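Q: Dropping a structure here in structure tokens format, bear with me for questions.
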Amino acid sequence: MRPYATGMTWGEGPRWHDGALWLSDTQGRRLWTDADGTWTATPLESVSNGLWFLPDGRLVGAMMDERRIGVWSGGRWETYADLAPLGVGPLGDLVGDAAGNLYVDDVAFAAARGESPRPGRVVLVRADGTATVAAEDVEFPNGLAFLDGGATLVVAETSRQRLTAFRVAADGTLRDRRVYADVAALVGPEARPDGIWPAEEGVWVATTTGRVVARLREGELAESVDVSPGYPIACCADGRGRLLVTVAHTEGAPLLDALARRAVSTTAVLVPTTPHR
0 MRPYATGMTW GEGPRWHDGA LWLSDTQGRR LWTDADGTWT ATPLESVSNG LWFLPDGRLV
60 GAMMDERRIG VWSGGRWETY ADLAPLGVGP LGDLVGDAAG NLYVDDVAFA AARGESPRPG
120 RVVLVRADGT ATVAAEDVEF PNGLAFLDGG ATLVVAETSR QRLTAFRVAA DGTLRDRRVY
180 ADVAALVGPE ARPDGIWPAE EGVWVATTTG RVVARLREGE LAESVDVSPG YPIACCADGR
240 GRLLVTVAHT EGAPLLDALA RRAVSTTAVL VPTTPHR
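In terms of numbering that gives the first Met the number 0, the sequence shown opens at residue 0 and continues consecutively.
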């Protein structure tokens with residue numbers, strides 16, 4: 000692994016675009032990028048979580064606590080889609096398709112504020128800005144990734160420690176739910192999937208307390224990369240055979256304790272990957 004960038008508190012939603020990296024620092028309330036050639040952060044009033052680039056090149060983000068999708072203006076997040084009418088809770092990861100449709104996690108409850116757990120949802124935001132619920136009863140939805148040319152959407156269910164696959168219907172809603180991979184059984188009992196990314200074969204999964212980044216094919220473990228003593232949060236590919244992983248460091252403290260004390264730092268690292276044919 001090779002270090003790429005430092006300075007973040009908790010790095011979520013990493014995305015490559017035009018040779019530059021973008022990511023949300025949800026705990027540090029900043030948006031980071033090296034689009035201008037230098038790794039820099041913009042302080043945020045509206046904190047973004049998941050990020051995605053629309054087909055026209057605009058950056059959109061899931062506003063974690065504001066029930067909306069934002070579009071980046073260069074200094075702040077303007078409103079792209081209002082999700083308040085759907086009664087969403089905190090928003091998580093974000094992914095889009097070639098037609099400009101977006102899928103975002105409705106996590107449903109804020110654990111940090113002591114709210115009781117309840118099932119979440121996946122929300123579809125169509126290219127015209129209208130929104131609807133695409134799937135119900137998803138336990139702590141997290142990472143999202145398209146497979147099979149967009150015909151399948153895989154969702155990381157962190158609480159259930161598994162990846163769940165859906166068929167994307169013609170109207171964009173999600174059908175035919177199935178278990179894609181039992182992460183706890185395949186990687187280990189401490190593995191909880193957070194960010195995910197489509198691989199050439201399967202899905203890359205950042206397993207946080209599992210301390211590895213694993214490539215899972217449906218129902219099987221293909222390979223894993225140990226990032227101990229760190230906790231892998233999220234990942235994305237750069238299109239040049241490298242996987243970028245955001246890794247949290249707690250200086251030996253348990254992850255939840257370190258988060259509560261705001262004693263976490265994140266490093267972005269590059270992991271070379273091998274084509275699988």
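All residues carry an ideal CB built from backbone N, CA and C; glycine is no exception.
This structure is a prediction, so every number in the text was calculated from the model and none was measured.
How big is the Cα-Cα spacing for T39 and W9?
A: Going from the Cα of T39 to the Cα of W9 covers about 15 Å.
Q: Below 8 Å on the Cβ atoms is my guess for G213 versus L243; work out the distance and round it to an integer in Å.
A: Going by the sequence as given, residue 213 is Ala instead of Gly. At roughly 16 Å, the Cβ-Cβ gap does not stay under 8 Å, so A213 and L243 are not in contact.
Q: Would you say P118 and D136 are within 8 Å of each other, going by their C-beta atoms?
A: Contact flag set, yes.
Q: Relative to the C-alpha of L255, which candidate in D64, G240 and Y230 has its C-alpha closest?
A: It is Y230.
Q: What span of residues does the alpha helix (DSSP H) with D299 cover, start to end?
A: Because the chain in this structure spans residues 0 to 276, residue 299 falls outside the shown range and cannot be described.
Q: Among H248, L20, P89 and M62, whose alpha-carbon lies nearest the alpha-carbon of T78?
A: Residue M62 is the option with its Cα nearest to T78.
Q: Hey, how far is the Cα of G187 from the Cα of R216?
A: Going from the Cα of G187 to the Cα of R216 covers about 16 Å.
Q: Beta carbon of G18, beta carbon of L50: below 8 Å?
A: No, they are not a contact pair.
Q: If you drop the 5 nearest sequence neighbours on each side, which residues of the same chain put their C-beta closer than 7 Å to that of D181?
A: Correct list, in chain order: R161.
Q: Can you tell which of A184, A252, V224 and T249 has the C-alpha that lies nearest to the C-alpha of P271?
A: Checked all of A184, A252, V224 and T249; the closest Cα to P271 is V224.
Q: Under a Cβ-count criterion, where at least 16 other Cβ atoms within 10 Å of its own Cβ denotes burial, should G238 be classed as buried or exposed?
A: Under this definition G238 is an exposed residue.
Q: Quickly, what does DSSP pair R239 with across the bridge? List them, please.
A: Per DSSP, none; premise fails for R239.
Q: Who are the Cβ neighbours of R176 in its own chain at under 8 Å, not counting the five residues just before and after it?
A: Correct list, in chain order: A134, T163, A164 and F165.
Q: Please classify P192: is it buried, with 16 or more other beta-carbons within 10 angstroms of its beta-carbon, or exposed?
A: Per the 10 Å Cβ criterion, buried.
Q: By a C-beta neighbour count over all protein chains shown, 10 Å radius and 16 as the cutoff for buried, is E199 buried or exposed?
A: Exposed, because fewer than 16 other Cβ atoms sit within 10 Å of the Cβ of E199.
Q: Along the chain, where does the beta strand (DSSP E) that runs through L50 open and close?
A: Run containing L50: S47 to F52, per the beta strand (DSSP E) assignment.
Q: CA-CA distance, D55 and G95?
A: Using only the alpha carbons, I get a separation of about 12 Å.
Q: I need the straight-line Cα distance from A126 to G69, nearest angstrom please.
A: Rounded to whole angstroms, A126 to G69 spans 14 Å at the Cα level.
Q: Rounding to the nearest angstrom, what Cα-Cα distance links G86 and E156 in this structure?
A: Cα to Cα, G86 sits roughly 20 Å from E156.
Q: How about Y102 and L53: do their beta carbons lie closer than 8 Å?
A: No.
Q: Please return the same chain residues whose Cβ sits closer than 8 Å to the Cβ of A252, not counting the five positions on each side in sequence.
A: Correct list, in chain order: R260 and A262.
Q: What distance in whole Å lies between the Cβ atoms of A190 and T206, which are believed to be in contact at a cut-off of 8 Å?
A: The Cβ separation is near 4 Å, so the contact holds.
Q: From the DSSP secondary-structure annotation, give me the bridge partner or partners of I68.
A: Beta-bridge pairing links I68 to A61 and A80.
Q: Residues in its own chain within less than 7 Å of L123 by CB, not counting five upstream and five downstream?
A: Contacts found: N100, Y102, A130, T131, A133, G171 and T172.
Q: Who does A144 pair with in a DSSP beta bridge?
A: Note: A144 sits in a beta bridge opposite V153.
Q: Under the three-state reduction of DSSP, which class applies to T249: helix, strand or coil?
A: Coil at T249, not helix or strand.
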